[in-house]
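So the protein sequences, as listed, match chains D and C.
Each residue of the first sequence is one higher than the last, beginning at 1 in our numbering.
Each residue of the second sequence is one higher than the last, beginning at 1 in our numbering.
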Amino acid sequence: MSSNDHHSHCCGGGNCSPSTEIKDQKTEECCGHCDEPSRRDFLFMTAGAMGAVAAGSVVWPFISQMNPAADTKALSTTEVDIASIAEGQAVTVMWRGKPVFIRHRTAKEIEEAKAVDVATLRDKQSDDQRFKTRPEILVVIGVCTHLGCIPLGQKTGEVKGDYNGWFCPCHGSAYDTSGRIRKGPAPKNLEVPSYSFISDTLIRIG
Amino acid sequence: MSAGPRTPFENPVVEWVDQRLPIFTMINKEYGVFPTPKNFNYFWNFGAIAMFMLVTMIVTGITLAMHYAADTTVAFDKVEHIMRDVNYGWLLRYIHMNGASFFFIAVFVHIFRGMYYGSYKAPRELLWIFGVIIFLLMMATAFMGYVLPWGQMSFWGATVITNLFSAIPVVGTTIVEWLWGGFSVDNPTLNRFFALHYLLPFVIVGVVFLHVWALHVTGSNNPSGIEPKTEKDTLPFHPYYTMKDSFGLVVFITIYAVFVFFMPNALGHPDNYTPANPMVTPAHIVPEWYFLPFYAILRAINFDVGIPFTDIVFFEAKLGGVLAMFGSIVLVALMPFLDKHPVRSARYRPKYRIALLLFVLSVFVLGKIGGMPADAPLMHIGSFLLTTTHIAQLLTLYYFAFFLVILPYLSKREKALPMPESINDAVLQCKSGKCCEA
Ligand code: HEM
Ligand code: FES
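Below is the structure:
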């Protein structure tokens, strides 16, 4: 948009198209004949755009207030001593209000997990992508990726499903010893949270 | 809402107010002399009944809120406190708890009435759509209300239903965490659900107002589906229908009271008297009964939708289920545009009548299946094991076909029975035994 002042008498200062024969008339109606945007259009547009930005920035706090608050986020790391988990055992710890499954896998369980052809899986991940540095320690979030129930299989005596990992009783999803989805409606493998080994026996989740 | 020309009232106070704000003129016009088709049957009671239930829910809800606290550490105990310690707290809670169920019963019958007698058709489309919006708001309100006592079903129902939104591609998880205000259903979730549970009923009041306003522009439909033509076809609303509505309401309240006083927990789930435990999922999560048909539709889609024998998937089972569930309600709103048949009432549309009654039957069976565990085995047919999921899939198919195939097809093809000239003639025909009272 140019600010050509030659035509400022038309449309209160807007630019009529030079091809319009009435461009020099000092009448109000000439605005109706302008086929180029007038200064008034420009003002409308900028005011409108500023208004939209203002409205957006007022609305945003009201939407964002519903996101996790700072103290909720601050609770989002937890440290776990894994020394006491014997081979073949599993513990459940609470992290961000959800259970985290830590399983000390047996050699046989690791074997089973590695033997699977990744191409046949629904959510294609090899066992190597499922643990950090130590294959025997598997850490996954204990929330079924279908609709959020807690799968069974942590305690001795609980059903572990057809693939010897976990079984979700809600709609029948079965996970393998790597926490990968093998059967049932869940779309994804059990999520691996971000975690790190602080020492050989201590991990920090989150 | 101008009330047009006024006739003066005798009572000077009423007249003084009415001159300044013609509210009495309005009430008289809309609820006194309002010309109403004279052939209403008892199906026409359920609007007034639903209105009564809405008021009941608001009154008991506000009084419950005076004793409740939306904090995970105390919410469960607060409800027990209401039950044991608050004066008549048990009564308020049981009225509110069963009231939700009876509100839904009234609204389901009300919606069925509209479907059977073609009340959704022109010129009442917008009236119908407001109705579906009210139904959606009711579902949201009831869902959030059920979370408030913070029992096991509260917690896990909330978890499963909010997780539905995680099916949305890309932004799903962000949306779910936004709904939760955390990383799971927790205190922030309970707090906001209480705030919204308090708010939404008043939004419903607003939409009900629009719904009734639209009704009073077009006037009521009636069992014959014929518009009133002359004075012979109508009666003034008062005293004829004020009386009929009151009678129906009393019958309804009586049944409702039987539940409140003698079987207050019959419609609920015992697990909800166990405090919420985020570490243990109950063996069998079921929503409240009024959600069961939709829950069955959700679970019926347990397969990915894509190109067979390839890895190409348009949407995963989880998203498919969610789309089907919400779609099943959107279709109800779209009925006026799917059914273009000129005749309204199923009385004169024998084919539509059968299709609709089958539809109702399938909704009932879906409800039954929604309350059973997924994939519950039913019987062996040869080597094929028939499960509840198969039945649910079949009925879901019929549900969608009813709207998307049968309605448009019948709109073009169905030949209606001969119609009476007017409501008056329809009534006289019935009196002489020539029509069934449907
Ligand atoms: C559309 C109208 C409403 C519906 C359908 C509805 C539905 C429900 C349901 C299903 C429950 C769970 C009952 C239980 O299992 O204990 C509930 C609880 C509750 N509602 Fe409502 N409600 C409505 C209006 C209101 C209003 C206006 C308030 C006012 C604040 C309110 C306040 C409460 C409170 C405090 C509870 C928790 C106490 C309890 O669980 O008994 N409700 N509501
Ligand atoms: S929530 Fe686990 S299978 Fe549905």
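Just so it is clear, CB atoms sit at the ideal spot from N, CA and C, and this is done for glycine as well.
Since the model is a prediction, treat every value here as computed from it, not as a measurement.
Bridge partners - residue i, DSSP secondary structure assignment
i                     : result
residue 306 (chain C) : C:313
residue 377 (chain C) : C:387
residue 100 (chain D) : D:93, D:141
residue 79 (chain D)  : D:204
residue 323 (chain C) : Bridge partners of residue 323 (chain C): none, in fact.
residue 196 (chain D) : D:204
residue 213 (chain C) : Paired residue(s): none; residue 213 (chain C) is not in a bridge.
residue 183 (chain D) : D:174
residue 152 (chain D) : D:167
residue 151 (chain C) : C:275
residue 235 (chain C) : C:36
With 16 other Cβ atoms within 10 Å as the buried cut-off, status of residue i
i                     : result
residue 204 (chain D) : exposed
residue 28 (chain D)  : Legend: pLDDT at residue 28 (chain D) = 49, less than 50; position of this residue unreliable, value from coordinates given subsequently. Residue 28 (chain D) is exposed by the Cβ-count criterion.
residue 159 (chain C) : buried
residue 196 (chain D) : exposed
residue 16 (chain D)  : Here the model assigns residue 16 (chain D) a pLDDT of 47, short of 50, so the residue's position is not dependable and the matter cannot be decided.
residue 177 (chain C) : buried
residue 363 (chain C) : buried
residue 345 (chain C) : buried
residue 382 (chain C) : exposed
residue 194 (chain D) : exposed
residue 26 (chain D)  : Model confidence at residue 26 (chain D) stands at a pLDDT of 49, short of 50, so the residue's coordinates are unreliable and nothing is read from them.
residue 380 (chain C) : exposed
residue 427 (chain C) : buried
residue 38 (chain D)  : buried
residue 184 (chain D) : buried
residue 455 (chain C) : Absent from the structure is residue 455 (chain C), since the part of chain C shown begins at 1 and ends at 438.
residue 207 (chain D) : Residue 207 (chain D) is absent from the model: chain D starts at 1 and stops at 206.
residue 443 (chain C) : No answer is possible for residue 443 (chain C): the residues shown for chain C start at 1 and end at 438.
residue 255 (chain C) : exposed
residue 145 (chain D) : buried
residue 68 (chain C)  : buried
residue 409 (chain C) : exposed
residue 189 (chain C) : buried
residue 198 (chain D) : exposed
residue 19 (chain C)  : exposed
Within chain D, partners of residue i - CB distance below 8 Å
i                     : result
residue 177 (chain C) : 67, 68
residue 285 (chain C) : 149, 170
Within chain C, the residues that residue i reaches when beta carbons sit closer than 8 Å
i                    : result
residue 61 (chain D) : In chain order: nothing, as chain C lies at least about 14 Å away.
Contact list for residue i against chain C, beta-carbon separation under 7 Å
i                     : result
residue 120 (chain D) : Residues of chain C passing the Cβ test: none, with the nearest at roughly 11 Å.
Residues that residue i contacts on chain D, provided the C-beta gap is smaller than 9 Å
i                     : result
residue 188 (chain C) : 66, 68, 69, 72
residue 184 (chain C) : 96, 97, 98, 143, 148
residue 299 (chain C) : 171, 185
residue 181 (chain C) : 65, 66, 67, 68, 69, 72
Closer than 9 Å at the beta carbon, the chain C residues around residue i
i                     : result
residue 182 (chain D) : Within 9 Å Cβ-Cβ: nothing; residue 182 (chain D) doesn't reach chain C, min ~15 Å.
residue 92 (chain D)  : 279
Partners in chain D for residue i, counting only beta-carbon separations shorter than 7 Å
i                     : result
residue 233 (chain C) : Under the 7 Å cutoff, chain D gives no residues; its nearest Cβ is about 51 Å from residue 233 (chain C).
residue 191 (chain C) : Chain D residues near residue 191 (chain C): none, gap ~10 Å exceeds 7 Å.
residue 316 (chain C) : 187
residue 302 (chain C) : 185
Listed in chain order, which residues of the stretch 151 to 167 of chain C have Cβ atoms closer than 9 Å to some Cβ of chain D? 156, 159, 160, 161, 162, 163, 164, 166, 167
For ligand 2, enumerate in chain order all residues having a CB closer than 5 Å to any of its heavy atoms. D:144, D:146, D:147, D:149, D:168, D:170, D:171, D:173
Any residues in the stretch 373 to 384 of chain C with a beta carbon nearer than 7 Å to a beta carbon of chain D? Which ones, in chain order? Those would be 374, 375, in chain order.
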